[in-house]
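Protein chains in written order, with this note's numbering: chain A, 1 to 113; chain B, 1001 to 1112.
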């Protein structure tokens, strides 16, 4: 079985500052990793995914994440955030051979002017 | 436009009154799944389906039923809703050869 831990439930930052949202996972099999974003009163939108290959993955809206197998982490980063990035971000893992997507509890990112 | 459509978006009902939340996808995806989202708990899988007539329980199936008679549709049925089923529900689908699920816009259910 897989599990995901998002280490920060809330992250406040100022506009144009860099941000890192942390995600750790556990699994006994190889994994596929995802970050989703949920804007207020909306559904979930896929930001980026790691399936294989390069450990640095670039997604939409200037976000990127790095897969670190030895540390079982998949942290999300953006070098300069905007007010419009205020949302809740979910890390998710799917085990090889499984259809099940397991989510972390989410990190609320608030970008202040 | 490729999408997962859920209906209704909002629903208030009374304890014990059967209801169905519909979900339809137009992407010919094999996999479909239902999740519920609760504050502080993230998203938890209720049921999933790997293809027509193939369904199985997720982590929190109690009080829910599903069916997959057609590839595009995956309704969620609450036979006798209770207040602890008040939640935000998401339907999602993906291709068996892909790994990223596409989510619907959600259904906010309140059971009083």
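Where is the CB? At the ideal position from N, CA and C, for every residue including glycine.
Predicted model only: the values in this text are computed from it and were never measured.
Which of helix, strand or coil does DSSP assign to residue i?
| i | result |
| --- | --- |
| residue 41(A) | coil |
| residue 1033(B) | strand |
| residue 85(A) | helix |
Taking just the CA atoms, how far does residue j sit from residue i?
| i | j | result |
| --- | --- | --- |
| residue 63(A) | residue 1095(B) | 24 Å |
| residue 1081(B) | residue 80(A) | 45 Å |
| residue 1017(B) | residue 1023(B) | 20 Å |
| residue 1053(B) | residue 1078(B) | 19 Å |
| residue 1067(B) | residue 1061(B) | 13 Å |
| residue 84(A) | residue 12(A) | 13 Å |
| residue 37(A) | residue 1074(B) | 24 Å |
| residue 111(A) | residue 19(A) | 10 Å |
| residue 26(A) | residue 1110(B) | 34 Å |
| residue 32(A) | residue 1089(B) | 24 Å |
| residue 1039(B) | residue 24(A) | 20 Å |
| residue 1076(B) | residue 1092(B) | 12 Å |
| residue 1059(B) | residue 95(A) | 15 Å |
| residue 1047(B) | residue 77(A) | 32 Å |
| residue 1112(B) | residue 1014(B) | 5 Å |
| residue 107(A) | residue 1004(B) | 25 Å |
Starting from residue i, trace the beta strand (DSSP E) in both directions and tell me its first and last residue.
| i | result |
| --- | --- |
| residue 64(A) | 64-68 |
| residue 1029(B) | Note, residue 1029(B): premise wrong, no beta strand (DSSP E); not H, not E. |
| residue 1046(B) | 1042-1051 |
| residue 1090(B) | 1087-1094 |
| residue 1071(B) | Neither: residue 1071(B) is in no beta strand (DSSP E) and is coded neither H nor E. |
| residue 1059(B) | Counting along the chain, residue 1059(B) falls outside any beta strand (DSSP E), and DSSP gives it neither H nor E. |
| residue 1010(B) | 1010-1013 |
| residue 61(A) | No beta strand (DSSP E) contains residue 61(A), which DSSP labels as neither H nor E. |
| residue 1006(B) | 1004-1007 |
| residue 78(A) | 73-78 |
Measuring only from the beta carbon, is residue i closer than 7 Å to any heavy atom that is part of the ligand MN?
| i | result |
| --- | --- |
| residue 1086(B) | The ligand MN is absent from the structure shown, which contains no ligand whatsoever. |
(request) Check distances from the C-beta atoms of the region 40-55 of chain A to those of chain B and list, in chain order, the residues that come in under 8 Å. (result) 42, 43, 44, 45, 46, 49, 51
(request) Would you mind listing the beta strand (DSSP E) stretches within the region 9-58 of chain A that are 3+ residues and don't spill past its ends, in chain order? (result) 10-14, 19-21, 23-26, 31-38, 44-50, 56-58
(request) Below 8 Å between beta carbons is the criterion; list the residues of the region 1049-1067 of chain B that meet it against any residue of chain A, in chain order. (result) 1050, 1058
(message) Please list, in chain order, the residues of the region 63-74 of chain A that have any C-beta partner in chain B closer than 7 Å.
(response) Close to chain B, meaning a Cβ-Cβ distance shorter than 7 Å, is no residue of the region 63-74 of chain A at all.
(message) Residues of the region 4-24 of chain A in Cβ contact with chain B at a cutoff of 9 Å, in chain order, please.
(response) 4, 6, 9
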